[in-house]
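Colleague: Numbering (our numbering), first residue to last: 3 to 138. Structure in structure tokens, see below.
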């Protein structure tokens, strides 16, 4: 039998609550993880995984504040460096915390960091796949 056909005919096991309980530590690690992103010429930034509430807050913030949603999410996910540092804000002449992101990162860097944060939060192509029933 063709390898791909055989694989597609395999019966997939439907998860039970007990399966999720067994994977509790894996789930916690996935939801509470961190990611380090190297920005050319600047160095390595450390980010926490965004929650769905933080993503929604970023979208809402962006709709009310001149499209600063991505910057808001980067600000809230960034563990190091401390983007809320008062000296940093003063040096780059910004009033609001989210403005610092546009002062230190290029539009392309902002976009790429958001892509990475979204992937880490589970927004990637192959995060879940449809299990189709094979009917005879």
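Glycine is no exception: its CB is placed at the ideal position from the N, C-alpha and C atoms. Values in this document were obtained by computation on a predicted structure and should not be read as measured data.
Closer than 8 Å, CB to CB, is residue 14 near chain D or not?
Modeller: Absent from the structure: chain D. Only one protein chain is present.
Colleague: What did DSSP end up calling residue 118 once you bin it into helix, strand or coil?
Modeller: Looking at residue 118 - three-state DSSP - the assignment turns out to be helix.
Colleague: Between residue 116 and residue 37, how many whole angstroms is the CB-CB distance? I'm expecting something under 8 Å.
Modeller: Rounded, the Cβ-Cβ distance is 12 Å, inconsistent with contact.
Colleague: In chain order, what are the residue ranges of uninterrupted alpha helix (DSSP H) at least 4 long that sit wholly in the stretch 40-114?
Modeller: The qualifying runs are 54-66, 71-79, 88-93 and 101-106.
Colleague: Comparing alpha-carbon positions, which option in 123, 99 and 30 lies nearest residue 70?
Modeller: Answer by Cα proximity: 99.
Colleague: Suppose contacts are defined by Cβ-Cβ distances below 8 Å. Is residue 29 in contact with residue 49 by that definition?
Modeller: Cβ atoms of residue 29 and residue 49: not closer than 8 Å.
Colleague: As a quick exercise: from 42, 39 and 52, pick the residue whose alpha carbon is nearest that of residue 124.
Modeller: Nearest of 42, 39 and 52 to residue 124, Cα basis: 52.
Colleague: Between the beta-carbon of residue 90 and the beta-carbon of residue 103, is there less than 8 Å?
Modeller: Their beta carbons are not under 8 Å apart, which means residue 90 does not touch residue 103 by this criterion.
Colleague: If we ignore side chains and look at the alpha-carbon of each, how far apart do residue 121 and residue 63 end up?
Modeller: Rounded to whole angstroms, residue 121 to residue 63 spans 21 Å at the Cα level.
Colleague: I'd like the span of the alpha helix (DSSP H) that includes residue 30, first residue to last.
Modeller: Per DSSP, residue 30 belongs to the alpha helix (DSSP H) from 26-33.
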